Structure formats: structure tokens, C-alpha cells
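> Heads up: the sequence shown begins at 8 in my numbering, then just goes up one per residue. All C-beta atoms in this analysis are idealised placements derived from N, C-alpha and C, irrespective of residue type, glycine included. Here the structure is a predicted model, which is why all the values come from computation and not from measurement.
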Amino acid sequence: MNTCSFFSNQNSKFEWMFSKFPIINQQYQLTDEFNVVRNGIVKQRQFHLINNYLIIKSKKGKTKWVNYENAKLMIVNDDLYGYGLSLQKGNDKFEFFGDVEIWFNSMRRFAIQSDFDFFYVLEKQIGSGSFSQVFLARNKYDGHEYAVKYIIKKEEIVEIDKQQLVKEISILRQLQHQSIIKLHETFETNDAVYLVMEYFKGGDFLQFIEEKQDGMFTEEQIAIIIYKLLKVIHYLHHKGIMHRDLKPENILFKEKGVIESLCLGDFGLADFYNKEGNYLFTRCGTPGYVAPELLQDQQYDYKVDIFSIGIIMFILLTGKEPFQGDYHQKVQQNYFGNIDLQNIKNLTDIGKDFLRRILQVNPQKRLNANQALYHYWFQMFKLAKPMLLTNNNKVKSMKRLSQIEIKNPSLNMLALISPRLSRQQSKDKDKGSLPLSPNPHPQNCFTNRQQYSPRMSTHFTLNSLVLANKEKQCLRSRIQNLMKY
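#1: Could you tell me the distance, in whole angstroms, from the CA atom of aspartate 304 to the CA atom of isoleucine 365?
#2: Taking the straight line between their C-alpha atoms, what separation do you get for threonine 10 and threonine 289?
#3: Using a 10 Å radius around the Cβ and a threshold of 16 neighbouring Cβ atoms, would you call phenylalanine 453 buried or exposed?
#4: By Cβ distance below 8 Å, which residues in the same chain neighbour glutamate 22 in space, the five residues on each side in sequence not counted?
#5: Could you tell me the distance, in whole angstroms, from the CA atom of phenylalanine 361 to the CA atom of tyrosine 234?
#6: On the DSSP letters alone, give me the boundaries of the alpha helix (DSSP H) that glutamine 496 sits inside.
#7: Considering methionine 204, what are the terminal residues of the alpha helix (DSSP H) in which it resides?
#8: In the DSSP assignment, find the unbroken alpha helix (DSSP H) run with arginine 364 in it and report its ends.
#9: Do glutamine 51 and asparagine 42 come within 8 Å of each other at the CB atom, strictly closer than that value?
#10: Would you kindly report the start and end of the unbroken beta strand (DSSP E) that includes isoleucine 48?
#11: Starting from the Cα of histidine 55, find the closest Cα among Gln95, Cys291, Ser113 and Ile167 and give me that residue.
#12: Check each candidate in Lys392, Leu354, Asn350 and Gln331 and name the one with the smallest Cα separation from glycine 344.
#13: On the three-pair Cβ rule with 8 Å, is the region 59 to 79 touching the region 25 to 39?
#14: Helix, strand or coil for serine 186? Go by DSSP, reduced to three states.
#15: Counting only runs that start and end within the region 247 to 313, where is the alpha helix (DSSP H) found for 4 or more residues in a row?
#16: Going along the chain, which residues of its own chain have a beta-carbon closer than 8 Å to the beta-carbon of glutamate 40, five neighbours each way excluded?
#17: Taking the CB atoms as reference points, tell me whether phenylalanine 126 and isoleucine 133 lie closer together than 8 Å.
#18: List the DSSP bridge partners of arginine 116.
#19: Starting from the N-terminal side, write out each stretch of the beta strand (DSSP E) that is 3 residues or longer and does not extend beyond the region 129 to 159.
#20: Any idea what DSSP makes of threonine 196, helix, strand or coil?
#21: Mind checking whether the beta-carbon of aspartate 312 lies closer than 7 Å to any heavy atom of the ligand GDP?
Spelled out as C-alpha cells, the structure:
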């Protein structure tokens, strides 16, 4: 059993910055005065909170701030100073005392707690992976259901897998969108890590497609679905994040069959865009859904997600995947990315134009998320308004995403790819029809990882300064019960 922390070590410490906070025009989410005790001396300081940044000002106007993300967060009680919060990285500890209820509720999203069993009970397993299991859990104090991703600290979990988990958590913390799965809080003990996430009861989009009783979707229904997915992806890309594993299994329903409740989940392969193409996992995704440039060892950008949305749209139109055959045949077809759209009959010409543009093999010719949202196809169904054009008739983007030079394709790495399998591919693999190719390179990992679909619900609002009465009572109960021990 590996008892070392995934988030810090004994040499970790807070890196305080003694300068003005660099993010301008940012409103404080919380502001209050707290007592700071140092060497037996009590000093009152003004505290401000912005997401994972704690900003402290002295009465003389001096400012210091720190990124407390992944610090261990604990509620403490002192005979003299009352309740307080303790933040710890390695052997470096920082404590402050006062009315900390609301602050604890906000800071726990970005910090690490250790007392999972005190607050939650695991009820039943609802998913699994190579190093993790997903459980339906219930909060002991508010009764709400959550999905908990439970990662056992096994010796075989290599460093790169730990880094990817930490990155997944970091990405989820930054995303506040009604159509993206929410990470509520994170716990770590000596033998496991717990991710408390939103629980969805409505199943996933693949189940919805398979169970659709009247067969094919109408063009308007498809337009509504694709538009909603593009809105979510546009938000991701605006945040500088690529999902890199878009497929029906990773699209979830808050309410069964209700298109408006669609949410994007599973950010296990997501990453921050890097101009140099330096990622923990460069070749990743699910064969049949990934963009060709990702398989061709070319540098790639946000448009890999747009190609995946095109594949999903093709499936909605035809009821089948565009790349057929066994695992290796799918990889090879996906590598070149050529898809025959001639036989699609249930789509208008303007719809075909849209599909053709998002399935462009050349990423430089492929639409980005913002351009796709303003395509006339969506205007036809009154989902989008006409886009302003420049004098050169080019789409004026809200934010220009990167354009990257694409290298010449090469097949020399084709046999080394081992991205994720779709659910159906996993079934076929178990039957022996999809042999996995060898993969000696760690950056091409995530082999044989089954998909998990965490589903849960949180009533946590980071920007709220006042908790609802019921939630505040629940939080106070948590604190009071904790202080009994």
C-alpha cells in the first residue's frame, strides 16, 4: 500500500507572495477579518478569497497572498480563540480564527480533507476502472446523494497517473457550468483518495441512443443536441481546456431523456492547451472518436474536440459509427479520417455543409467552437443569431484560439497507440476480437481503462456570500459534530 500523499510531500510549503494580487478586475468572493496567532501574539488581519487564492492585508495596507490549492484543510478549535481553519502543506501550517463557516464551505472545493468517513457513507458500487471504483454515496448530514470516485493507493499506480489525477481534479475545480459535472470536494487518507462528485440519475447518452424507440432523430433534435454540446465545449476552450475524450458514454443526463439536462463528464484525459504540445498523455482518446491529427503525432489544439462532436453527429444521423471493423481497422481508418457523407439522406444541404466543416481532416480548415456555434444551420432552427462579419468576410471570434502548423502525417507510430476503448469496443475486446497493440511509452497510456460516469448533485455555490438556511444549519452541524472528537 502506498501511503504517500498524491498532493504534497514533507518538503511542500506555502509560497507566499508579498505583492499586489495580479488578477485585476476580480471581485472578492468573501471578505472578513480574522485573528492570526503567531508565537503567542494575536494579530487581526483582513482576509479576501478568490477561488483558490487567499489574500491577506495588514492594517498598514501591506498585502500578501498564496495559492492554497491542494493544501490540507481542517476545522480547529482553540480554548482562547474559538473555531478556526487550518491549512497545511507538508510541515508548513497556517491557521486563522473567527467566523469560518462560510469560508470553510468555499475553501473545501480547492483543498484536501481527510475525514471522509465522518461525513459520507458508501452505499453501492456503480462503476470501476483500473485503479478506481465509483460508488453511490450519501451525506450523513444533509441526506443528499453523490457519486464518489474512490482511488486506492496501490503500488502499481505510477507517478504519471498520480499527476493526471491531480490535473483532472484541478480542471474540474475551475469549471463552473450547469452542463459540466461538478466536483464537490476531495478527501485523502493514508490508503485512498475520494472525489465527491455530482450524481446523475438519468444515465448516459449512449443508453439514450440505444433506447430511443422511434429510431432516428429529427434534424432539429440533432441540431439542439449538437448546439448544446458546442456551447459546453466553447466554455471549456475559453478556459484553455481540451476534453480529448468526447463520446456518447461521457455525456450524461441529469434527468433521463431530457435533452436540456445533458452534461459533460469524465475529464480523466482533459488537459490545458499547451502551444508546445507538452502533455502528460499526447496520444489519447477512444478509437473512432479522436481527431486524425492526434493519431498522426502532429501538434494539435482545441479543434480535436470539434472533430469528436462531428462523429457524435454522424452517429445521431445514421445510427452507426463512421469507422467500422476491429480495433486496428478502426484505428487505421480513424488515422486518415476520411468519412463518406454521401449516403446521409436525413439532413438538409446546409446541415451537410456544417457536418463537412466540423469533420475536416485538415484542422486548419475545420471550424473552431465559436465559428461552429454561428453556422447558419443553427440559425435555421433559431438556436443562434447571425454572426458579425469583418470586411474580409471572416468570422469574428470572441477569442481567437491558437492556430498550429501541422506536420506531415506518418504511420510509424500507429502500432503504439493504445487509447481508451468505447463501451462497445470493451465488450468486443472481452470477446477476443480487439487485441490491444503494445504500448511501451508512458505518455501514450490509459490502456484498458474502463469508463466511469460519476453522477451526483451539489448545492455548493462558490460565489454566494450567504448560505441557504438549511445548508448553513447542515454546515454548522458538521462543524459542531467534528469538534466533539
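Looking at the coordinates:
#1: 20 Å
#2: 29 Å
#3: Per-residue confidence for phenylalanine 453 stands at a pLDDT of 33, beneath the threshold of 50, marking its modelled position as unreliable; no derived number is given.
#4: Val73 and Asn74
#5: 12 Å
#6: Beyond the ends of the chain as shown, which are 8 and 492, falls residue 496; an answer cannot be given.
#7: Looking at the DSSP string, methionine 204 is not in any alpha helix (DSSP H); the run it does join, the beta strand (DSSP E), is 199 to 204.
#8: 356 to 365
#9: yes
#10: 48 to 57
#11: Ser113
#12: Gln331
#13: yes
#14: coil
#15: 299 to 302
#16: Gln51, Arg52, Gln53, Phe54 and Gly105
#17: no
#18: According to DSSP, arginine 116 bridges with nothing at all.
#19: 139 to 146 and 152 to 159
#20: coil
#21: Although the ligand GDP was asked about, the structure shown includes no ligands whatsoever.
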